[in-house]
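Sequence order for the protein chains is Y and H. Convert by adding 448 to the 1-based position in the first sequence; the result is the number in our numbering. Convert by adding 10 to the 1-based position in the second sequence; the result is the number in our numbering. Cβ atoms here follow ideal geometry from the backbone N, Cα and C, with glycine treated the same way. What you are looking at is a predicted structure, and each value in this text was computed from that prediction instead of being measured.
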Amino acid sequence: MTAPNPAATSPAASSPAGSIYDLGYRHYEGKRNGRAYAMWSLFVEGLRNVWGFGRPMTAKAAPFILAGLYALPAVFQLAFSSVIAQRVATTGQAANLLDYHSYFEDFYYLVTFFIVAQAPELVCRDQRYQVLPLYFTRSMGRIEYALSRLGSLATALFVLLLVPYVALFVGDVLMKPDTFAAIGDELPKALPSIPAAALIAVCLAALSLAISSFSPRRAYSAIGIVAYVLLMEAIPAAIYSIGQSGGWAWSDKLFLLTPITSLIGALSWLFGQPLDPEFVSGSLTAGAYLAASIASAGVFIAVLMYRYRRMPA
Amino acid sequence: MALTETSSLTKDYGTVKALDRLDLQVEPGIIGLVGANGAGKSTLIKILLGLIPPSSGRASVLGLDVVADTHEIRKVVGYMPEHDCLPPDVVATDFVTHMARISGLPRTAARERTAEVLRHVGLYEERYRQIGGYSTGMKQRVKLAQALVHDPKVLLLDEPTNGLDPVGRDEMLDLIKRTGTDFGITVVVASHLLGEIEQVCTYLLAIDAGHLLRSAPISHFTQRTPVLAVEVEEGADRLVVALVARGARAKQDGARVLIALESDALYDAVRDVVADLALPLVRIQQERGRLEDLFRDAAPASGIVQ
């Protein structure tokens with residue numbers, strides 16, 4: 449290393465007035481918003497992030513394909529609603545249509561793929577590329593960070609889940625000859641979709657983010673989510689089937705630990721439908737599943753916050 | 011107001027004491043925080059930012075306590091970490107704008123400040139490219155830009171020249187110096203390279219193994235007789251003899267000869283002697299009394315490199 453650099457002043461700095469093009473550094477005197485605004489900004493960034501906006505096309509592929517596939521059956525039914533309506537009118541047979549209460553039950557695996565792909569996207573990148581210290585030295589606490597991320601994923605999921613419900617609703621209304629009467633008929637059936645979508649969104653967002661936050665590597669986080677969902681579905685089912693022959697009366701209580709089955713049970717409660725024996729076995733009520741779902745969301749949110757509280761920065 | 015004050019600041023990592031009863035009082039300026047790797051520089055910076063809590067003792071930044079007033083401190087500081095902190099698949103402008111908004115700047119102001127700050131750090135058209143395609147030098151500039159974008163009063167830079175080539179390093183140091191002197195922003199530069207601190211800082215803090223080694227304005231270290239260093243490929247010993255014979259104070263330092271530059275006539279003497287002895291001259295260079303000389307006595311094994 450040599451003696452001090454004699455050329456250590458720039459032209460703009462050395463001439464007192466600067467050049468007419470260079471206004472020089474100006475201090476910022478304007479408004480500074482607080483922590484709520486910082487959280488909102490992070491929430492918006494996260495929401496864009498989940499859908500791949502502001503990032504390359506490849507980042508948009510997974511979320512849009514999965515969301516598209518999830519909505520596809522409902523959109524198809526909407527597109528062919530007039531054909532279906534004609535057939536019903538001519539043959540007098542009731543068509544076997546997709547239903548609000550069973551839609552998630554039929555296509556839940558696409559939603560699971562979505563969280564497996566996008567939850568790690570949202571939180572692992574910040575850990576992997578060590579962006580977190582930049583947040584935590586700004587008006588952004590650790591809990592605020594965790595809640596913003598949760599909000600982003602839950603909102604993205606809510607939209608994804610709601611789109612097919614809306615498509616079903618529009619399709620069902622268009623099938624009826626009297627549109628206004630049809631809206632009145634369909635609306636009470638369709639409205640539970642909103643709390644249903646919200647419940648699924650919060651539960652799955654909390655679960656997937658809590659697991660993702662433990663690894664900076666997206667692949668490990670994705671495997672973690674898949675492993676958790678599969679194991680927690682399979683183990684209670686296995687113990688229950690053993691327990692039935694062994695006469696263990698308590699064994700069906702384990703179904704309360706299942707992530708997806710519990711949600712399906714909870715939806716039955718929200719839509720006021722009986723539990724589908726194809727999916728849900730045992731003597732538990734739909735209300736119990738609803739309680740289990742809400743409790744699991746609470747537990748995972750707590751885990752997520754605990755994790756960020758302890759995260760070294 | 012003092013930039014920072016600490017009293018018996020201690021940070022324990024289990025068995026390792028990163029900071030050991032550190033007492034500091036530093037006024038604003040461009041402060042060099044120097045120490046070997048692991049001396050506790052980053053730990054001190056992280057405590058001042060409120061990223062990690064001190065184990066015991068107190069610390070304050072601009073009169074704000076690091077534990078009680080963390081949120082107030084964060085409004086007035088900018089932090090450039092030592093490690094990479096940039097996502098590769100994001101456009102630089104978008105990233106810096108996002109960070110400005112997290113600091114509380116409204117949307118339009120965040121955009122304007124981003125453009126201004128990126129121009130200031132010397133990124134022009136490249137700022138619309140993804141960060142993953144940047145060179146190390148450009149990444150360091152983006153890191154500096156995100157620390158500056160919300161116009162902080164204090165800038166904490168942890169090893170800002172890490173991984174840069176000599177040209178990139180000089181540019182970064184120039185940038186830091188301008189930020190400190192022209193904008194009136196107090197800058198704390200942590201580095202294990204004394205030469206850098208010497209180039210840009212007005213005040214020096216040296217820590218070693220969690221203890222304060224030195225704390226003084228940089229002029230204290232450098233106000234000495236200027237020294238002329240003459241490097242020759244061979245015959246340094248003969249050069250010393252000939253110069254001493256002409257009445258100069260000279261001593262040999264490896265392949266170099268250090269001469270106390272008492273008058274300008276000495277340049278002529280050096281020229282004449284080198285020509286007379288027909289020595290293979292490599293360079294003639296003026297040096298200030300250098301920090302490393304002072305550290306050589308104070309911390310013989312501290313691992314500070316020039």
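Local conformation of Asp79/H per DSSP, three classes: coil
Against chain H, with Cβ distances strictly below 7 Å, would Asn481/Y count as a contact? yes
Rounded to a whole number of angstroms, what is the C-alpha to C-alpha distance between Asp192/H and Gly39/H? 11 Å
Does the CB of Val579/Y have a neighbour CB from chain H at under 7 Å? By this cut-off, Val579/Y is an interface position.
According to DSSP, residues forming a beta bridge with Arg68/H: Ser17/H
Per DSSP, which residues does Gln150/H bridge with? Please list them. Note: Gln150/H sits in no beta bridge, so no partner.
What is the rounded straight-line gap between the Cα of Thr538/Y and the Cα of Val531/Y? 11 Å
If we cut at 7 Å on Cβ distances, does Tyr213/H have a partner in chain Y? no
Apart from the five residues on each side of it in sequence, which residues of its chain come closer than 6 Å, Cβ to Cβ, to Pro725/Y? none
Measure the alpha-carbon distance for Val559/Y versus His549/Y and round it to whole angstroms. 16 Å
Relative to chain Y, which residues along the stretch 91 to 116 of chain H have a C-beta separation below 8 Å, given in chain order? Pro91, His93, Asp94, Cys95, Leu96, Pro97, Pro98, Asp99, Val100, Val101, Asp104, His108, Met109, Arg111, Ile112, Ser113, Gly114, Leu115 and Pro116
Which first and last residues belong to the alpha helix (DSSP H) in which Ala216/H is found? Ala216/H -> not in any alpha helix (DSSP H); beta strand (DSSP E) instead, spanning Tyr213 to Asp218.
Going straight from the alpha carbon of Thr450/Y to that of Asp263/H, what length do you get? Annotation note: pLDDT 42 at Thr450/Y (below 50); position unreliable, no value reported.
Indicate whether at least one CB of chain H lies closer than 7 Å to the CB of Tyr473/Y. yes
How many Å lie between Leu287/H and Tyr277/H at the Cα? Looking at the backbone, the Cα of Leu287/H and that of Tyr277/H are separated by about 16 Å.
Between the stretch 562 to 575 of chain Y and chain H, which residues of the former have a C-beta closer than 7 Å to a C-beta of the latter? Arg573
Decide if the stretch 664 to 678 of chain Y is in contact with the stretch 508 to 525 of chain Y; the criterion is three or more beta carbon pairs, one per stretch, under 8 Å apart. no
Could you round the C-beta distance between Gln156/H and Leu174/H to whole angstroms and report it? I think they count as a contact, below 8 Å. About 17 Å; that fails the 8 Å criterion.
Which value, in whole angstroms, describes the spacing of the CA atoms of Leu215/H and Gly245/H? CA-to-CA, the gap between Leu215/H and Gly245/H works out to about 39 Å.
Exposure of Gly24/H, with buried meaning 16 or more beta-carbon neighbours within 10 Å: exposed
Got a sec, what are the start and stop residues for the beta strand (DSSP E) Val650/Y sits in? Per DSSP, Val650/Y belongs to no beta strand (DSSP E); it is in the alpha helix (DSSP H), Ser641 to Ser660.
Closer than 8 Å, Cβ to Cβ, to anything on chain Y: give me those residues from the stretch 130 to 156 of chain H, in chain order. Within the stretch 130 to 156 of chain H, the qualifying residues are His130, Gln140 and Gln156.
What residues in the stretch 159 to 172 of chain H have a beta carbon less than 8 Å from any beta carbon of chain Y? Against chain Y - using a Cβ distance shorter than 8 Å - the residues of the stretch 159 to 172 of chain H are His160 and Asp161.
Output needed for Glu272/H: all residues of its chain with C-beta closer than 6 Å, excluding positions within five of it in sequence on either side, in chain order. none
With burial defined as no fewer than 16 other Cβ atoms inside 10 Å of the residue's Cβ, what is the status of Leu657/Y: buried or exposed? buried
Listed by chain order, chain Y residues near Ile85/H by CB distance under 8 Å: Ile is not the amino acid found at residue 85/H; the sequence shown has Lys there. In chain order: Arg480 and Ser587.
Alpha carbon of Ile648/Y to alpha carbon of Met505/Y, nearest angstrom: 28 Å
When you compare the CB of Tyr485/Y with every CB in chain H, is at least one pair closer than 7 Å? yes
Hey, would you say Ser661/Y sits closer than 7 Å to Leu752/Y, going by beta carbons? yes
Looking only at C-alpha atoms, which of Ala527/Y, Lys637/Y and Arg590/Y sits nearest to Arg755/Y? Arg590/Y
Mind pulling the chain H residues with CB within less than 8 Å of Gly502/Y? Val100, Val101 and Asp104
By how many angstroms is the C-alpha of Gln721/Y removed from the C-alpha of Arg666/Y? 38 Å
Compare the C-beta of Leu59/H with all C-beta atoms of chain Y and state if any pair is closer than 7 Å. yes
If the criterion is Cβ atoms closer than 7 Å, does the pair Arg266/H and Glu241/H meet it? yes
How big is the Cα-Cα spacing for Met769/Y and Ser693/Y? Since the displayed chain Y opens at 449 and closes at 761, residue 769/Y lies outside it and no answer follows.
In this structure, how does DSSP classify Arg266/H when only helix, strand and coil are distinguished? Arg266/H: strand per DSSP, three-state reduction.
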